[in-house]
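One structure is given below, encoded as structure tokens.
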Amino acid sequence: MASYYYLTAQLPSIFPNLQPPMNFKAFKELALRSLSKKDAQILENLSLEPPREEKSTGSAYLDKWYEFERSLRIALEQVRSAKLKWEAPISYNERVLLSSAFTPVQIARTAASIQNPLEAETFLDNARFQAADTVRGAENFSSDGIFAYAVKLLLRERASRFEMEKGKEEYSSIYNTILDETK
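Residue numbers for the sequence shown follow our numbering, beginning at 4 and rising by one.
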């Protein structure tokens, strides 16, 4: 585990609302030199999109992170579909997950109430960033600390790709398509 300490000590700090200090590819190249085979495989499979059904990743941290992200996505789906007066199918297990997920439901409701899509995405990214730290706890110099860093780096990379003008164009296009379908 000493190699995890040295790896963590080398990593630049990541802050919400700032550009990522390095790209994920560079981070992964650096991290793979220090990680155990098991942790390296977990890092290789890391994604911001959790599987719809709960499945163990081999990391307690990522399992908790994916549970948060899964419940947030389900809550967003439910809130957005209710806003559009659509039915969104939800399984029993997903209902159980949502019933114990007060924070993701509140985050989804707040995000859905934000009129500007870029501001809503920024709000969601900040909530995810905060959750990545909260779920990690105090474990900085362990595989959980490395995976938390990876999640936050992926979140910042994703947010840095948002472009306001392209987003407005895409939003208008999707909005008009939906309006045409409801006629």
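Idealized CB from N, CA, C, for every residue including glycine.
Problem set entry | Proximity below 8 Å, CB of residue 150 to CB of residue 62 | Here residue 150 corresponds to residue number 147 of the sequence shown, with the count starting at 1. Here residue 62 corresponds to residue number 59 of the sequence shown, with the count starting at 1. Taking 8 Å as the cut-off, the Cβ atoms of residue 150 and residue 62 count as close.
Exercise. Which class does residue 3 belong to by DSSP, given the choice of helix, strand or coil?
Worked result: Nothing can be reported for residue 3, as the shown portion of the chain is limited to 4 through 186.
Exercise. Ends of the alpha helix (DSSP H) at residue 163?
Worked result: Taking the first residue of the sequence shown as 1, we reach residue 163 at position 160. Unbroken alpha helix (DSSP H) run through residue 163: 146-163.
Exercise. When we look at the beta-carbon of residue 81 and count the other beta-carbons within 10 Å, is it buried (16 or more) or exposed?
Worked result: Indexing the sequence shown from 1 puts residue 81 at position 78. Answer is buried; the Cβ neighbour count reaches 16.
Problem set entry | Cut-off 6 Å between Cβ atoms - residues of its own chain near residue 42, not counting five sequence neighbours on either side | Counting from 1 along the sequence shown, the entry for residue 42 is found at position 39. Hits under 6 Å: 146.
Problem set entry | Endpoints, the alpha helix (DSSP H) within which residue 120 is located | Residue mapping note: residue 120 aligns to position 117 of the sequence shown, counting from 1. Start and end: 120-139.
For this session: Measure the alpha-carbon distance for residue 176 versus residue 183 and round it to whole angstroms.
Result: Position 173 of the sequence shown, counted from the start, is the residue given in the question as residue 176. Position 180 of the sequence shown, counted from the start, is the residue given in the question as residue 183. Cα to Cα, the separation comes out at about 11 Å.
For this session: Taking all protein chains shown into account, decide if residue 181 is buried (16 or more other Cβ within 10 angstroms of its Cβ) or exposed.
Result: Residue numbering aside, residue 181 sits at position 178 when the sequence shown is read from its first letter. Answer is exposed; the Cβ neighbour count stays below 16.
Problem set entry | Boundaries of the alpha helix (DSSP H) in which residue 142 is found, first to last residue | In the sequence shown, counting from the first residue as 1, residue 142 sits at position 139. Looking at the DSSP string, residue 142 is not in any alpha helix (DSSP H), and its letter there is neither H nor E.
For this session: Inspect the beta-carbon positions of residue 156 and residue 27 and report whether they are closer than 8 Å.
Result: Working through the sequence shown from its first residue, we reach residue 156 at position 153. Working through the sequence shown from its first residue, we reach residue 27 at position 24. Yes, the pair counts as a contact, with Cβ atoms nearer than the cut-off.
Problem set entry | alpha helix (DSSP H) segment containing residue 35, residue limits | As a first step, residue 35 is located in the sequence shown; it is residue number 32 there, counting from the start. Looking at the DSSP string, the run of the alpha helix (DSSP H) that includes residue 35 is 27-35.
For this session: With 8 Å as the threshold, decide whether the Cβ of residue 33 is near any Cβ in chain D.
Result: Annotation note: the requested chain D is absent from the structure, which comprises a single protein chain.
Exercise. Are the stretch 103-120 and the stretch 68-86 touching, with three or more C-beta to C-beta distances below 8 Å?
Worked result: Flag = yes, the stretch 103-120 and the stretch 68-86 touch.
Exercise. If you follow the alpha helix (DSSP H) that residue 166 is part of, which residue opens it and which one closes it?
Worked result: Position 163 of the sequence shown, counted from the start, is the residue given in the question as residue 166. Careful: residue 166 lies outside any alpha helix (DSSP H) and carries neither H nor E.
Problem set entry | Same chain, Cβ closer than 7 Å to residue 75, five either side skipped, listed in chain order | Residue numbering aside, residue 75 sits at position 72 when the sequence shown is read from its first letter. Taking residue 75 as the centre and dropping the five residues before and after it, the same chain places the C-beta of 107, 110 and 111 closer than 7 Å to its C-beta, in chain order.
Problem set entry | Limits of the unbroken alpha helix (DSSP H) element including residue 88 | Here residue 88 refers to the residue found at position 85 when the sequence shown is read from its first residue. From DSSP, residue 88 is part of no alpha helix (DSSP H); its letter is neither H nor E.
Problem set entry | Backbone CA spacing between residue 128 and residue 121 [nearest angstrom] | Position 125 of the sequence shown, counting from 1, holds the residue named residue 128. Position 118 of the sequence shown, counting from 1, holds the residue named residue 121. One C-alpha to the other measures close to 10 Å.
Exercise. Leaving out the 5 sequence neighbours to the left and right, which residues in its chain are closer than 8 Å to residue 158 when beta-carbon positions are compared?
Worked result: Numbered from its first residue, the sequence shown carries residue 158 at position 155. 51, 128, 131, 132 and 135.
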